[in-house]
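For reference, the structure is listed below as structure tokens.
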Amino acid sequence: MDFKRTLLAAALPITAALTFTLSSAAQALEIKFADIHPAGYPTVVAEEQLGKTLVADSDGKLTFKMFAGGVLGSEKEVIEQAQVGAIQMARVSLGIVGPVVPDVNVFNMPFVFRDQAHMRKVIDGEVGDEILDKITHSEFNLVALAWMDGGTRNIYTKKPVRSLADLKGMKIRVQGNPMFIDTINAMGGNGIAMDTGEIFSALQTGVIDGAENNPPTLLEHNHYQNAKFYSLTGHLILPEPIVMSKITWEKLSPDQQVLVKKAAKAAQAQERTLWDAKSASSEEKLKAAGVEFITVDKKPFYEATASVREKYGAPYADLIKRIEAIQ
């Protein structure tokens, strides 16, 4: 009997340690991060570093897996999966958020930012944090953590657009936001909502005459193969939020929540440096591939979209004044 007791006493610490290990493993929370952009894209590289930080600084209580290239679906599908906790984090376009969280549409209005430097000062300050809070405290069921720089959006087409008149009647793909459709329509085109993954074939088959986005997207998604003219309209300069499923957020400890916020803000800073380098190299590669960069007079495009700002801007009048005042 004494021998059995000795064996039992010796086994208890081992059993306890094994139980603790299994319990810790069971409690490790996997963070699946989705982005439609391919591996090597500035947002994806910054997000991968974010993941490494979460794993290292959480002592293994958080694990991380990156799903780039749209493998988990379109941005709309990714958001829907994040809302129910099937995906834990994502980088999404603000145009997708606008129809659900109307307050973010202040950033979606054409020509609301003077240039990229102005946009960055806005998102780095109080206004940027306020918009993140609007997303978090909406019924969107997502927590908005930081901003990625989505670059300046310009129009790329099969036939050159050198003036406002050249755009007339052209079918231009936009994100699924009524404001973006109205923006293209106001400039004389025909705005068509479409997922990013459908653009290449739509350009190839003539379903659309062009689209609008930044140079890295034009290059990385191979749209330049069918659209050789890039008109520098600069009609939109869109920051893009990093979001986390609220279901996942509420599973985190307070310390882990602080860690996630800190890592997201670090990714915001890293992506900006990566973005500038990528934009410059993308422009060089596009020009080498035969894409013509066309400088246009922006004033007619700005004036043509006045009706869009009037239609959508009234609820954000005070916010717009604050944005305009930021130097």
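For reference, each letter of the sequence shown is one residue, going -28 to -1, 1 to 299 in mature numbering (1 follows the signal peptide of the UniProt record, and there is no 0).
Each residue gets a CB set at the ideal place from its N, CA and C atoms; glycine is no exception.
Checklist entry - Do three or more CB pairs link the stretch 229 to 246 to the stretch 127 to 134 at distances below 8 Å? => result no
Under the assumption that leucine 139 contacts methionine 159 (Cβ atoms under 8 Å), give the Cβ distance between them as a whole number of angstroms. Translated into positions along the sequence shown, residue 139 becomes position 167. Translated into positions along the sequence shown, residue 159 becomes position 187. Their Cβ separation, rounded to whole angstroms, is 6 Å, which keeps leucine 139 and methionine 159 in contact under 8 Å.
Worksheet item: In chain order, which alpha helix (DSSP H) runs of at least 4 residues are fully inside the stretch 71 to 145?
Response: 77 to 80, 88 to 96, 98 to 108
Compute the distance between the beta-carbons of glycine 182 and leucine 191, then report whether it is under 9 Å. Your numbering for residue 182 matches position 210 in the sequence shown. Your numbering for residue 191 matches position 219 in the sequence shown. Cβ atoms of glycine 182 and leucine 191: not closer than 9 Å.
### Task
Note down, in chain order, each residue of its chain lying with its Cβ closer than 7 Å to the Cβ of leucine 204, except the 5 sequence neighbours on either side.
Numbered from 1 along the sequence shown, position 232 holds the residue referred to as residue 204. Answer for leucine 204: Asn126, Phe265, Ile266, Thr267, Val268, listed in chain order.
* Apart from the five residues just before and just after glutamine 240, which ones in its own chain have a Cβ nearer than 6 Å to its Cβ? -> As a working mapping, residue 240 is identified with position 268 in the sequence shown. So the list reads Ala118, Trp119, once near-sequence residues are dropped.
Are phenylalanine 112 and valine 50 closer than 9 Å when you measure CB to CB? Within the sequence shown, numbered from 1, the residue matching residue 112 stands at position 140. Within the sequence shown, numbered from 1, the residue matching residue 50 stands at position 78. Not a contact, by the Cβ cut-off of 9 Å.
Alpha carbon of glutamate 102 to alpha carbon of asparagine 77, nearest angstrom = Counted from its first residue, the sequence shown places residue 102 at position 130. Counted from its first residue, the sequence shown places residue 77 at position 105. If I take the Cα positions, the gap works out to 13 Å.
CA nearest to the CA of arginine 281, picked from Leu208, Val27, Arg244, Gln242: Numbered from 1 along the sequence shown, position 309 holds the residue referred to as residue 281. It is Leu208.
Extent of the continuous beta strand (DSSP E) to which asparagine 157 belongs: Here the question's residue 157 lines up with position 185 in the sequence shown. Asparagine 157 -> not in any beta strand (DSSP E); alpha helix (DSSP H) instead, spanning 150 to 158.
Cut-off 8 Å between Cβ atoms - residues of its own chain near leucine 114, not counting five sequence neighbours on either side: As a position in the sequence shown, residue 114 is number 142, starting the count at 1. Only Ile51, Ala54, Gln55, Ile107, Thr108, Val215, Met216, Ser217, Lys218 meet the Cβ criterion.
Spatial neighbours of glycine 161 within its chain, please: CB distance less than 6 Å, with the 5 preceding and 5 following residues excluded, ordered by chain position.
Taking the sequence shown and counting its residues from 1, one reaches residue 161 at position 189. So the list reads Leu139, Met142, Ile144, once near-sequence residues are dropped.
(Q) Does lysine 293 come out as helix, strand or coil in the three-state DSSP assignment? (A) Mapped onto the sequence shown, residue 293 falls at position 321. Reduced to three states, the DSSP call for lysine 293 is helix.
Is the beta carbon of tyrosine 202 sitting closer than 9 Å to the one on phenylalanine 83?
Counting from one through the sequence shown, the residue named residue 202 turns up at place 230. Counting from one through the sequence shown, the residue named residue 83 turns up at place 111. Against a cut-off of 9 Å, the Cβ pair of phenylalanine 83 and tyrosine 202 comes out as no contact.
Practice item. Ignoring anything shorter than 3 residues or poking outside the stretch 177 to 231, list the beta strand (DSSP E) runs there in chain order. Key: 182 to 185, 201 to 217
*asked:* Run through the DSSP bridge pairs and tell me what threonine 35 is partnered with.
replied: Residue 35 sits at position 63 when you count from the first residue of the sequence shown. Its beta-bridge partners are Glu2.
### Message
Quick check on DSSP: helix, strand or coil for alanine 286?
### Response
Numbered from its first residue, the sequence shown carries residue 286 at position 314. Helix at alanine 286.
| said: Rounded to whole angstroms, what is the Cα-Cα separation between glutamate 212 and aspartate 121? | reply: Start at 1 with the first residue of the sequence shown, and residue 212 comes out as number 240. Start at 1 with the first residue of the sequence shown, and residue 121 comes out as number 149. C-alpha separation (whole angstroms): 6 Å.
Cβ-based burial, lysine 37 [other Cβ within 10 Å; buried from 16] = Your numbering for residue 37 matches position 65 in the sequence shown. By the neighbour-count rule (16 or more Cβ atoms within 10 Å), lysine 37 is not buried but exposed.
Check whether the Cβ atoms of threonine 35 and aspartate 87 lie closer than 9 Å to each other.
For the purposes of this step, residue 35 is taken as residue 63 along the sequence shown, with counting starting at 1. For the purposes of this step, residue 87 is taken as residue 115 along the sequence shown, with counting starting at 1. In this structure, aspartate 87 does not lie closer than 9 Å to threonine 35 by Cβ.
### Task
Closer than 7 Å by C-beta to valine 73: which residues in its own chain qualify, once you throw out the five before and the five after it? Chain order, please.
As a working mapping, residue 73 is identified with position 101 in the sequence shown. Hits under 7 Å: Lys106, Ile107, Ser110, Phe112.
Original post:
By DSSP, does isoleucine 51 sit in helix, in strand, or in coil?
Top reply: Here residue 51 refers to the residue found at position 79 when the sequence shown is read from its first residue. Here isoleucine 51 sits in helix by DSSP.
- [ ] Tell me whether glutamine 60 is buried or exposed, calling it buried when 16 or more other Cβ atoms sit within 10 Å of its Cβ.
- [x] The residue given as residue 60 occupies position 88 in the sequence shown. Result: buried.
task: Kindly list the residues whose CB is nearer than 6 Å to the CB of alanine 6, restricted to its own chain and excluding five residues on each side of it in sequence; keep chain order.
output: Here residue 6 corresponds to residue number 34 of the sequence shown, with the count starting at 1. These residues qualify, in order along the chain: Phe39, Leu44, Val50, Ile59, Ala62.
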